[in-house]
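Structure record follows, encoded as structure tokens.
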Amino acid sequence: MATVEIFDPAMCCSTGVCGTDVDPTLSRFAADVDWLAAQGVTVQRATLAQEPGKFVTNLLVRNALEVIGTGALPAIVVDGVLKSTGAYPARDQLAAWAGVTETKVPAGLPTSTTALPMADGGCCGGGGSC
Numbered sequence: 001m002a003t004v005e006i007f008d009p010a011m012c013c014s015t016g017v018c019g020t021d022v023d024p025t026l027s028r029f030a031a032d033v034d035w036l037a038a039q040g041v042t043v044q045r046a047t048l049a050q051e052p053g054k055f056v057t058n059l060l061v062r063n064a065l066e067v068i069g070t071g072a073l074p075a076i077v078v079d080g081v082l083k084s085t086g087a088y089p090a091r092d093q094l095a096a097w098a099g100v101t102e103t104k105v106p107a108g109l110p111t112s113t114t115a116l117p118m119a120d121g122g123c124c125g126g127g128g129s130c
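When we follow the UniProt record's numbering, the leftmost residue of the sequence shown carries the number 1, and every step to the right adds one.
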């Protein structure tokens, strides 16, 4: 199975699903990541605020940050290949990158077909703290 590495921007917690004003994009992506792991995919997730060393030691992510800046986050690396920067991919895109076939997607589950950028203000909304 594939290994998916997620490099999140600085957030107040490991998933960004915290506080009183949760970005729905982060909630959806957290559910998609849990689903992907349940399919047998190895998922590793790091946030810039909590594990900055991982961003420096991964050359793909470090180069993206040097060229694009923090707008490159979130960055998604699958089996050593940078697949996405700047937006959280949809479940079907994650599944395709990880080699999870359509037959493993339970019937009736909603899937999104477009990547969604983070709302202004990060995981805790505009200016609030968690």
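Yeah, the Cβ is synthetic: ideal placement off N, Cα and C, and Gly gets one too.
query	result
Between which two residues does the alpha helix (DSSP H) containing Gln93 stretch?	91-98
List the endpoints of the continuous alpha helix (DSSP H) containing Ala75.	That residue, Ala75, is in no alpha helix (DSSP H); its beta strand (DSSP E) goes 75-78.
Does the beta-carbon distance from Val4 to Leu36 come in below 8 Å?	yes
Taking Thr3 as part of the beta strand (DSSP E), name the residues at either end of that continuous run.	3-8
Name the two residues that bound the continuous beta strand (DSSP E) containing Val81.	81-85
Between which residues of its own chain and Ala46 is the CB-CB distance below 8 Å, once the five residues before and five after are set aside?	Glu5, Ile6, Phe7, Asp8, Lys54, Phe55
Out of Thr101, Trp97, Ala10, point me to the one whose CA is closest to Cys51's CA.	Looking at the sequence shown, residue 51 is not Cys but Glu. If we check each option's Cα against that of Glu51, Ala10 comes out closest.
Output needed for Gly99: all residues of its chain with C-beta closer than 6 Å, excluding positions within five of it in sequence on either side, in chain order.	Ala2
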